[in-house]
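Residue numbers (full-length UniProt numbering), protein chains in the order written: chain A, 1 to 376; chain B, 1 to 376.
For glycine and all other residues, C-beta sits at the position ideal for the given N, C-alpha and C.
Being a predicted model, the structure only gives us computed values, none of them experimental.
Below is one structure, written out as structure tokens; comments come after it.
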């Protein structure tokens with residue numbers, strides 16, 4: 001994997017870049033649609049590629065390990081072939097998912113023992129095991145196994161956890177170095193900065209992670225309930241330590257406004273379930289604000305879903321029609337809203353990139369943040 | 001509306017034809033995908049048009065009347081514009097739906113009083129009212145308001161009901177003649193033959209309907225639980241009376257085998273929820289038999305869903321992948337299976353048409369019936 005920094009905004013830390021892997025190039029800043037269980041919910045792979053057009057998507061190790069399982073994925077020749085997606089894939093390490101299981105998991109130095117949310121069966125994730133699983137999945141970018149701390153988090157717990165995450169990282173690096181990719185394309189490991197919302201811990205962690213010398217670095221443990229300002233403060237501080245010449249991935253973030261603010265702080269990569277999850281609840285993101293399409297006010301509004309036409313659905317269907325689909329709970333409503341929201345997120349990233357290249361990112365961002373906070 | 005009979009199979013009563021309306025031509029035999037509530041479940045209008053490619057789809061008066069309601073549809077400029085579908089639409093009359101409400105409806109000479117399945121509110125469907133609703137929906141083909149009798153049905157009830165359906169038909173014809181289409185395209189009324197599974201009643205009804213001189217005729221009250229042989233016997237008898245030079249529409253039928261058998265008896269048009277409903281339950285129809293994709297045997301079968309490639313999904317995704325989507329209950333599974341099944345149904349109709357034109361329908365049909373009855 002290589003990363004080329006193409007432009008930096010003169011009035012912020014925003015960067016435009018290009019990552020190159022065996023599955024092609026990823027223009028940054030990038031938002032990665034979440035394909036938890038080998039599918040971006042409600043969206044065909046062809047639509048994802050041709051309409052939404054991300055250079056990379058994300059899969060979830062925890063979910064894929066449980067179903068279809070690594071045996072099936074190996075037989076299929078990896079996740080790319082299994083789901084018919086020939087661009088880049090990043091897999092998270094399962095750290096966040098097992099952390100979410102709360103009562104049904106036990107974290108020890110060796111790893112995390114957890115109970116499957118499906119059948120209650122017991123499983124153990126270790127740093128080594130999770131590297132092996134991600135080898136079998138065949139992701140282009142593999143995430144280190146970490147503990148994602150909750151918010152708020154006791155300082156002592158956060159510190160202890162951070163150190164364990166660092167020890168786990170060493171084990172991940174060792175395992176990756178001892179093993180080979182299975183499907184003929186390279187895989188690269190991104191370590192994850194932790195440290196909750198404590199500046200000194202974030203600093204220590206960022207230094208530790210920077211020293212690993214990975215091809216890209218991630219910031220985890222944010223967007224777990226803390227106020228936006230705390231998130232931005234942490235991102236800013238961590239980015240001042242992480243190497244300039246490597247892509248920075250802020251995990252699990254966020255709203256369109258969160259994306260632009262973090263781009264301004266030097267983040268290059270994002271993922272979040274928000275565009276698809278909110279879509280399924282009838283919430284649409286647009287450049288002028290957000291819409292609750294279930295609202296009666298759209299009942300007889302026959303204008304296009306979005307005149308900006310990020311994807312074909314935006315002008316193929318009207319607001320009144322989409323509102324009808326939600327009011328009668330039709331599948332097509334979920335499909336349309338998901339495509340729209342993802343199309344908007346990817347458009348926002350392409351637009352941000354162009355503004356960075358043009359040197360006008362900062363003022364554009366401030367206007368967009370204002371617009372996008374409006375309820376339509 | 002015009003109907004041109006282009007070919008008749010020398011060894012059966014199967015016909016190939018062409019219907020022409022203001023929304024274009026309909027090549028027969030045709031299967032009409034069911035778009036109950038202004039959407040064919042799980043299928044985008046673009047996929048419907050470009051991949052499945054039916055010349056006509058069906059909407060349900062009962063459902064559209066309740067939601068979004070005729071006010072919204074009128075403001076939208078009719079159902080075609082509301083849902084963005086520029087080919088033909090046929091609407092049923094709501095007769096079948098109100099009949100299905102059983103306990104929540106009361107049938108009288110004037111019409112049917114029923115309670116909405118949504119909020120329990122009371123509504124009245126009369127022949128005149130249903131014509132007005134279908135004018136507002138703007139369907140190209142409007143169905144007469146009828147009573148669909150259950151199976152089995154007491155002879156006296158079937159006879160009384162049939163006569164009422166005939167009287168209702170007269171009221172429908174009168175109302176249609178007194179009113180005009182609202183959106184600049186013509187609308188034509190199809191009357192419906194009833195008479196349960198009684199040959200003499202079916203004969204009387206077919207004669208009554210034939211005398212109306214409509215541009216097309218329908219056969220209702222079948223596929224409600226009777227054995228296939230009784231259905232075929234009724235269709236055959238009715239078709240011997242209905243005019244040769246008008247299209248014949250067998251309502252609510254059926255399996256792929258039912259379609260071919262009824263085509264052999266001279267039926268030109270079909271509709272059924274089966275391809276989409278069964279798709280959502282994981283049942284796939286193919287030219288070689290049917291598949292329960294949830295079955296564990298497909299878990300590691302990485303072959304294409306269907307090598308015949310009726311639509312792009314058939315070769316874009318594998319059986320193992322589709323099985324995975326069903327096992328984790330992902331939306332995309334429903335979407336893929338729906339497109340596949342509809343693609344197959346429409347392919348079957350196009351193939352039947354070509355065989356009729358070639359004069360080889362009968363032997364082809366017998367082989368296909370054998371194949372399609374196989375469980376794969």
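Scanning its chain for C-beta atoms nearer than 7 Å, with the 5 sequence neighbours on each side dropped, one finds around residue 260 of chain A the residues 352, 365, 368, 369, in chain order. By the criterion of a C-beta distance shorter than 7 Å, residue 158 of chain B is surrounded in its chain by 149, 195, 196, 198, 201, once the five residues flanking it on both sides are discounted. When the Cα atoms are used, residue 12 of chain B and residue 57 of chain A turn out to be separated by approximately 54 Å. Taking residue 290 of chain B as the centre and dropping the five residues before and after it, the same chain places the C-beta of 283, 284, 372, 374, 375, 376 closer than 8 Å to its C-beta, in chain order. The alpha-carbon of residue 23 of chain A is positioned some 30 Å away from that of residue 308 of chain B.
The three-state reading of DSSP puts residue 190 of chain B in strand, counting E and B together. Residue 80 of chain B is outside the set of residues whose beta carbon lies under 9 Å from a beta carbon in chain A.
When the Cα atoms are used, residue 264 of chain B and residue 349 of chain B turn out to be separated by approximately 12 Å.
For the pair residue 63 of chain B and residue 105 of chain B, the CB atoms are not nearer than the 9 Å cut-off.
Residue 183 of chain B is not a Cβ neighbour of residue 69 of chain B, given a cutoff of 9 Å. Contact between the segment 185–194 of chain A and the segment 205–221 of chain A is present: 3 or more CB-CB pairs across the two stretches fall below 8 Å. Not a single C-beta of chain B is nearer than 9 Å to the C-beta of residue 134 of chain A.
By the Cβ rule, the segment 236–249 of chain A does not count as touching the segment 156–174 of chain A, because fewer than three pairs are nearer than 8 Å. If you check each beta-carbon in the segment 60–86 of chain B against every beta-carbon of chain A, the ones closer than 7 Å belong to 67, 68, 72, 75, 76, 82, 83, 84.
In the structure shown, the three-state DSSP call for residue 132 of chain B is helix. Collapsing the DSSP output to three states places residue 123 of chain A in a strand.
Taking 9 Å as the CB threshold, residue 145 of chain B stays off the interface with chain A. Secondary structure remark: continuous beta strand (DSSP E) runs of at least 3 residues inside the segment 31–108 of chain A, in chain order: 56–60, 88–92, 105–107. Using a Cβ-Cβ cut-off of 9 Å, residue 327 of chain B is close to 67, 68 of chain A, given in chain order. Around residue 300 of chain A, the beta-carbon contacts reaching into chain B at under 7 Å are 72, 75. Partner residues in the beta bridge of residue 249 of chain A, as assigned by DSSP, are A:218, A:269. Taking 9 Å as the threshold, the shortest C-beta distance from residue 214 of chain A to chain B does not fall below it.
The closest CA to that of residue 344 of chain A, considering only A:276, A:322, A:93, is found on A:276. Proximity of residue 43 of chain B to chain A, defined by a Cβ-Cβ separation below 9 Å, is satisfied.
At the C-beta level, residue 271 of chain B and residue 249 of chain B come within 9 Å of one another. Per DSSP, the unbroken alpha helix (DSSP H) holding residue 276 of chain A starts and ends at 274–280. Straight-line spacing of the CA atoms in residue 72 of chain B and residue 301 of chain A works out to 10 Å.
Residue-level contact check: residue 313 of chain A touches chain B, since one or more beta carbons of chain B fall below 9 Å from its beta carbon.
Residue 336 of chain B has a beta carbon lying within less than 9 Å of a beta carbon in chain A. The DSSP-derived three-state label of residue 116 of chain A is coil. Counted as a single uninterrupted DSSP element, the alpha helix (DSSP H) harbouring residue 343 of chain B occupies residues 331–358.
Listed along chain A are 37, 39, 41, each with a C-beta nearer than 7 Å to that of residue 330 of chain B. The beta carbon of residue 209 of chain B sits closer than 6 Å to the beta carbons of 191, 193, 217 from its chain, once the five residues preceding and following it are set aside; these are given in chain order.
No Cβ of chain A is located within less than 9 Å of the beta carbon of residue 310 of chain B. Boundaries of the beta strand (DSSP E) around residue 284 of chain B: 283–286. Taking every protein chain shown into account, the CB of residue 160 of chain A has fewer than 16 other CB atoms within 10 angstroms, so this residue is exposed.
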